[in-house]
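Protein chains in written order, with the numbering used here: chain A, 251 to 582; chain B, 251 to 582; chain C, 251 to 582; chain D, 251 to 582. A virtual CB, placed ideally from N, CA and C, is assigned to each residue, including glycine. Keep in mind the model is a prediction, meaning the values are calculated, not measured.
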């Protein structure tokens, strides 16, 4: 039968997951939702026509929940993973699992002890363009990876209050790029060198954070990755990956808002990039769910594992140290 | 309150409309559906959680239907428009209204007599790229339109049986391009010169049809439009529009399936175009409904009118005559 | 030894040919030049360090002239071809050979009688992008050609005085496109349907000419070609060719002036197209000479033949008749 | 009158300069050449029709030499600059001036003492696309520069013997990118962090060199630059620059060999990049000479100064130290 998913947390991202899952993913439906803020749960429950549980515990105890989607704030992820694992549910968890390695390990140990399927929400792996870059490495077209370039820029910086609890740019934003570097090369990261600056929001200094960063990674296989991040790209949500190898290169370019152009004596004009991450990654979010559902249906390990959730956190913490200590930091 | 729409016909296109309307269009919902094939209606009713009416008459008589979406086969459109108009419902009708001008006029007269809002489903006008071409004409960027180029190619030819009842390539396929030519230039067509060939499906000769065509239009304002059609583009669904004017040009290019590329010594490789019209035009179908709902909410005339439904049929009939008589044909 | 070329006419185009030939084409050099306007000949002779002949006859009689490049005004081409053929020289002649079929046939008969190598200057065949389109037809990638689209737009209209003696847009401008249609399809043209308008220079009416045109060709193999021309593209020199076939399509896109772009919140901006035909086609002009020199060296027939010079004139004359008589015209 | 240039060294690069200068740069001509290998000098002298001097001293003593182009091997540059300066000649020198800062300073002191015009051959500044990136910074379109990305890849690695005397990848190859980073930002570099690997030619280890590198620069104005280099890009000569600023971004993309494309069911295919630096940068080399000639004519300082020659060497030496010592290195 269909996979019945209980969604924990229906804020902006949780609601998006619930809608996608319930309406567009074959073989699955949302059976229950819960949110600490009851009116939000009620609204989404009505909209989708699904049951609302009064508590996390009630949702986890329900018979009609095969898997849970953890879409709450980061600081609750570990407890929810532990509880869901003990309840024997398959788990999808939004990234990051935690900002603390020991806490994360506690969660992952619970998953392992329970033997439940687990997938971490690195949605960009499922973007068709980024996935085509990985595919060109896997099938040998690119050859042995030598240099990876990743650009990742948000259209607007978050508020200072958000930044204070975000773990800093490397855990909040670059973490996606650390995952991408591992994904496209298929090789672990052995050292990190980070540089950062405050060029956009000087007030982020209060949170000890930067808004502009360049990070260099060395991989186990000798590949070098350069990542550049900005909290504000005036022209839209800029997300590009390039792998250069012994035989060629593969890249994912930015989509434009549409394909219309204008040419005059002043030159050619095309529209800017989509500004919102959902516009860019809807197809990826959908494919992410399809992969989770298919893995559970077929009894396979979901494609983005607990180890994939842990490694980027370790890299991100090392990047923070590298920035503070102005030196490369090894991951051992 | 919300606009309550009754959907008549839930085959492939009707079901797509029902899903989009019900789930993604703010301010509207599907309140009832009907299909002559009861199991189809039942399936969609269950899926969306909406009521199924046993007959067209029942649907038109229901209190909770403010507007109807006519998504049945072309030969039923006129009768349904007349009935819906007499029932005082706002009407959205899939193109074409009819393959016969007199019949079409009967339908449009009923609409006018009833004074109900009416919109014809030329969805491509709502594609952001094609719409940007029109916008560049309206805002003067392109200047006075002089030449329009329209390419329109399907990835796969329809079956011969479909072709027999389609009215021929000019009424079935080029009709969208005739609408586009009027839309981007803002000028009526005064003469048509058509050439065609059978290059893909020789058996279409049995239906008196061609599968490859080039049509030239002269507009009232002196602009020339060239349209080329193919029933089979091996590389995907190819849909492009270009307007050249006194100050510049505007064009809608084809989107690729995704933005990944590969470069090797053999050159650069990018993915092909989407193959299915829904992949290309989902955003347009959605925007089409949003425009209909907004027009009704605000008491404005819907943006694609009865006259917009009629003119392309007249052009298409003239194109057929031009092809048969091997000469330009005037529309007077 | 090197091929020694005598250049007849060193106006703008002749001087360009002389410079390219003398400085950049291996295996050839300009040995003599002549121009009816002596100061022009003297200037180019000094610049290149080559001998100046006082008359055409003197140049044709010189021992150090193996081939001639005829770059004078169109109305002198036939006499010069006849004289050069009788002098036993290999001949390169700028297009068009003549505006009159009987005159052209007289020239071509002289060439045939003398048995001298002859090449007509349809330079666009040697553009790497257009040549790649032809190559994709020849090697089967595109499959059987079904539709060809050719756009050809000049950045600025010529003066009325020039237009009066040009033979009209079809013989002056579209003639390149008629050649391209034959080149990329490898198939002769059997009928022509032309439409035109005056949208840019109303005064061209005095010369009986149009400045905007759409022409449809039917080829022997069933392929349809649509050509659109404008005497004025505000955004530069627009020259594109597309062949659609049973397996795919091949196209030559417009180059931009350079590859720099800018992205802001207002969108993406790229430079316009080159405005001058020499900027666009220098590589083609060079390759054209290399092909001529190589053919003579190897004893092969030069790649653009007398027949290739004749056919586009016949098509152009038929296009003029089609425009005047408002009907398709057959070439029989 | 015309600027008379004496060319010292007519190997591959010197010959290219001589041909461009003599034939395509208005207001200048090559008056004399010299090469230690007499047959090379004789061949080029004959080809261009210019005098050959027997020695550097003879060329520098000649009355008909206003300026010299130093195109010999790097180890001779300093002596030739000193001698030319003392002879009162304007100087164009190929990069790098020297691999040693003290030696370079000796040369630059001689230039300053003599008060002669001096230009260093960072040709990429004159590429229209890279120049458009700089222009978008200067005119404020990009806003305050925050991140610069530079990719620079050669199609083929040089022989080991060349590498032994090249000063290493940072002085031989990245030096262009260090110049570009200063050029597009208009800001000096204050620290360098380099990482490198041997992924293409393991034998370069014998020369203590790497073939793959990622370098991060910090600029005085707070901007971060990331540079990635490879000695071998299978798909051609890859040279791209991007500046991201507070208002937008500007980038120079790679040109393709030509603009032809093919689309089939397998996707879209386009040609690879030009493989040879002369193919990519001919226009830049020409513009470089035009700028030198114009500056001398108008009595202005040539646009790429002695300081522009020195700074990239200092950055390159610091990059080498950073790589060896595995830490960021400051330039003070």
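Residues of its chain near residue i, where Cβ-Cβ distance is below 7 angstroms and the 5 sequence neighbours each way are ignored
| i | result |
| --- | --- |
| residue 494/A | 396 and 397 |
| residue 384/C | 433 and 434 |
| residue 292/D | 302 |
| residue 313/D | none |
| residue 413/C | 454, 457 and 459 |
DSSP-derived helix/strand/coil call for residue i
| i | result |
| --- | --- |
| residue 269/D | helix |
| residue 449/D | coil |
| residue 296/D | helix |
| residue 509/B | coil |
| residue 561/D | helix |
| residue 521/C | coil |
| residue 392/D | coil |
| residue 554/C | coil |
Nonlocal neighbours in the same chain, by C-beta distance under 6 angstroms from residue i, ignoring five residues either side
| i | result |
| --- | --- |
| residue 369/D | 342, 542, 552 and 554 |
| residue 478/B | 401 and 464 |
is_contact[residue i, chain C] using C-beta, thresh 8 angstroms
| i | result |
| --- | --- |
| residue 489/B | no |
| residue 517/A | yes |
| residue 502/A | no |
| residue 522/A | yes |
| residue 383/D | yes |
| residue 437/B | no |
| residue 578/B | yes |
Terminal residues of the beta strand (DSSP E) in which residue i lies
| i | result |
| --- | --- |
| residue 499/D | 498-502 |
| residue 258/B | 253-258 |
| residue 349/C | Looking at the DSSP string, residue 349/C is not in any beta strand (DSSP E), and its letter there is neither H nor E. |
Contacting residues, own chain, Cβ-Cβ under 8 angstroms from residue i (five flanking each side not counted)
| i | result |
| --- | --- |
| residue 387/B | 395, 434, 435, 436, 493, 495 and 500 |
| residue 351/C | 560, 563, 564 and 567 |
| residue 338/C | 364 and 366 |
| residue 526/D | 405 and 487 |
| residue 371/D | 342, 343, 344, 345, 538 and 554 |
Residue-chain proximity (residue i, chain A), Cβ-Cβ < 8 angstroms
| i | result |
| --- | --- |
| residue 525/B | no |
| residue 447/D | yes |
| residue 498/D | yes |
| residue 530/D | no |
| residue 301/B | no |
| residue 451/D | no |
Short CB-CB distance (under 8 angstroms) between residue i and chain B
| i | result |
| --- | --- |
| residue 252/A | no |
| residue 326/C | no |
Span of the alpha helix (DSSP H), counted from its first residue to its last, around residue i
| i | result |
| --- | --- |
| residue 340/A | Run containing residue 340/A: none in the alpha helix (DSSP H); it sits in the beta strand (DSSP E), 340-343. |
| residue 547/B | 527-548 |
| residue 577/B | From DSSP, residue 577/B is part of no alpha helix (DSSP H); its letter is neither H nor E. |
| residue 275/C | Looking at the DSSP string, residue 275/C is not in any alpha helix (DSSP H), and its letter there is neither H nor E. |
| residue 411/B | 410-414 |
| residue 422/B | 419-422 |
Chain D contact for residue i (CB, 8 angstroms cutoff)
| i | result |
| --- | --- |
| residue 511/C | yes |
| residue 514/B | yes |
| residue 478/A | yes |
| residue 484/B | yes |
| residue 346/C | no |
At 4 residues or longer, and completely inside the stretch 426-500 of chain C: list those alpha helix (DSSP H) runs for me, N to C.
-> none
Pick out the complete beta strand (DSSP E) segments inside the stretch 302-389 of chain D, 3 residues or longer, and give them in chain order.
-> 317-320, 340-343 and 368-370
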